[in-house]
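Colleague: Here my numbering is used: the first residue of the sequence shown is 460, the next is one more, and so on.
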Amino acid sequence: MTPAALDRAAGRAVIPVAEAEAWAGVTAGWERTAPADSAARRLLTATVDELVAEALRGIPVHGTRPAVEVRLPGRLARVLPDWAHRTRVDLSHRPSTQLTVAAEILRRWGWQQKPHRLRDLRGRRCVCGAICTAVDGLGVGTAETAHEAARYILMELRRRGWPGLIGDWNQVPGRRAEEAIQLVETAAANAAAAGR
460 MTPAALDRAA GRAVIPVAEA EAWAGVTAGW ERTAPADSAA RRLLTATVDE LVAEALRGIP
520 VHGTRPAVEV RLPGRLARVL PDWAHRTRVD LSHRPSTQLT VAAEILRRWG WQQKPHRLRD
580 LRGRRCVCGA ICTAVDGLGV GTAETAHEAA RYILMELRRR GWPGLIGDWN QVPGRRAEEA
640 IQLVETAAAN AAAAGR
């Protein structure tokens, strides 16, 4: 998996904003047509609020970061090849966790503006390179969930009005590292809100 391939694959899978808005307009008028069954309501021993509270008890509070059990190597180790970091592979991570790790990679190891390059000589990554490092270098998730994570970034870019790919956004002159980190964190929050 390369950053360029990840970017292109995510671009093919994103639903255009106009199509998503059209679908939202179609479903907005839908209402429940079946009457509530009073016999089913008598089977419940708790109120709906109690059931919802019980179901949501294990979910982290909205806006908090998902639990990430991955420790990033130190500053000097960031220039080592990715295979040197692969101590433990955990395929159970979701895209929201991959994006959180990618944001942490950009924050700690640095961000570079050249798109579709895994890293520069100082160990800094582009946005797609940070996702690839999370998967290939640190063993967080799979290539399939990395593609899904990249789609969440592209959906956020579409929401902001950017029509191109992630790499095109990454290389715009004047772009700052804080913007890249904020983009990845917003995509992680969107993925977490979607249960992914």
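C-beta: ideal position from N, C-alpha, C; glycine also.
These numbers come from a predicted model, not from an experiment.
Taking the alpha carbon of G620 as the reference point, which residue from A477, T504, H552 has its own alpha carbon closest?
Modeller: By one-based count along the sequence shown, residue 620 stands at place 161. Here the closest residue by C-alpha is A477.
Colleague: What did DSSP end up calling V643 once you bin it into helix, strand or coil?
Modeller: For the purposes of this step, residue 643 is identified with residue 184 of the sequence shown, where counting begins at 1. V643: helix per DSSP, three-state reduction.
Colleague: Excluding the 5 residues preceding and the 5 following I625 in the sequence, name in chain order all residues of the same chain whose CB lies nearer than 6 angstroms to its CB.
Modeller: Along the sequence shown, read from residue 1 onward, the residue named residue 625 stands at position 166. Same-chain partners within the cutoff: D466, V586, C587, I612.
Colleague: Need the endpoints of the alpha helix (DSSP H) that Q557 sits in, please.
Modeller: Translated into positions along the sequence shown, residue 557 becomes position 98. Per DSSP, Q557 belongs to the alpha helix (DSSP H) from 554-568.
Colleague: Would you call the region 642-652 and the region 552-570 touching, i.e. three or more CB-CB distances under 8 angstroms?
Modeller: Because the criterion of three Cβ pairs below 8 angstroms is met, the region 642-652 and the region 552-570 touch.
Colleague: Is V594 helix, strand or coil when you go by DSSP?
Modeller: In the sequence shown, counting from the first residue as 1, residue 594 sits at position 135. Note: V594 maps to helix in three-state DSSP.
Colleague: Which residue marks the beginning of the alpha helix (DSSP H) containing G626, and which one marks its end?
Modeller: The sequence position of residue 626 within the sequence shown is 167, counting from 1. Unbroken alpha helix (DSSP H) run through G626: 625-629.
Colleague: Below 8 angstroms on the Cβ atoms is my guess for A463 versus R610; work out the distance and round it to an integer in Å.
Modeller: The residue you call residue 463 lines up with position 4 of the sequence shown. The residue you call residue 610 lines up with position 151 of the sequence shown. About 16 angstroms separates the two Cβ atoms, so there is no contact after all.
Colleague: How many angstroms separate the CA atom of I640 from the CA atom of R566?
Modeller: Taking the sequence shown and counting its residues from 1, one reaches residue 640 at position 181. Taking the sequence shown and counting its residues from 1, one reaches residue 566 at position 107. The straight-line gap from Cα to Cα measures roughly 7 angstroms.
Colleague: If distances are taken between C-alpha atoms only, which option among T559, R617, P574 comes closest to Q630?
Modeller: Counting from 1 along the sequence shown, the entry for residue 630 is found at position 171. Nearest C-alpha to Q630: P574.
Colleague: Any idea what DSSP makes of R655, helix, strand or coil?
Modeller: Numbered from its first residue, the sequence shown carries residue 655 at position 196. Reduced to three states, the DSSP call for R655 is coil.
Colleague: By alpha-carbon positions, which one of G484, I590, T559 ends up nearest to A647?
Modeller: Within the sequence shown, residue 647 is the residue found at index 188, counting from 1. Residue T559 is the option with its Cα nearest to A647.
Colleague: Counting only the same chain and skipping the five closest in sequence on each side, list residues whose C-beta sits under 8 angstroms from that of E513.
Modeller: Along the sequence shown, one-based indexing puts residue 513 at 54. So the list reads A505, once near-sequence residues are dropped.
Colleague: Which residue comes first and which comes last in the alpha helix (DSSP H) that contains D508?
Modeller: Here residue 508 refers to the residue found at position 49 of the sequence shown. Its alpha helix (DSSP H) spans residues 507-515.
Colleague: For V511, count the other beta carbons within 10 Å of its own beta carbon; 16 or more makes it buried, fewer makes it exposed. Which is it?
Modeller: For the purposes of this step, residue 511 is taken as residue 52 along the sequence shown, with counting starting at 1. V511 is exposed by the Cβ-count criterion.
Colleague: Return the first residue and the last residue of the alpha helix (DSSP H) that W482 is part of.
Modeller: For the purposes of this step, residue 482 is taken as residue 23 along the sequence shown, with counting starting at 1. Segment 476-487, the alpha helix (DSSP H) holding W482.
Colleague: With distances taken Cα to Cα, identify the nearest neighbour of C591 among D579, H606, R581.
Modeller: Looking up residue 591 in the sequence shown gives position 132. Selected option, being the one with the closest Cα: H606.
Colleague: So the alpha helix (DSSP H) H606 belongs to, where does it begin and stop?
Modeller: By 1-based counting over the sequence shown, the position of residue 606 is 147. Segment 602-618, the alpha helix (DSSP H) holding H606.
Colleague: What residues are listed by DSSP as bridge partners for V586?
Modeller: Here the question's residue 586 lines up with position 127 in the sequence shown. In DSSP, V586 forms no bridge with anything.
Colleague: Count the other CB atoms within 10 Å of the CB of L515; is the residue buried (16 or more) or exposed (fewer)?
Modeller: As a position in the sequence shown, residue 515 is number 56, starting the count at 1. L515 is exposed by the Cβ-count criterion.
Colleague: Pull up the distance between the alpha-carbon of R578 and that of R618, whole angstroms please.
Modeller: Position 119 of the sequence shown, counting from 1, holds the residue named residue 578. Position 159 of the sequence shown, counting from 1, holds the residue named residue 618. So the two alpha carbons sit approximately 27 angstroms from each other.
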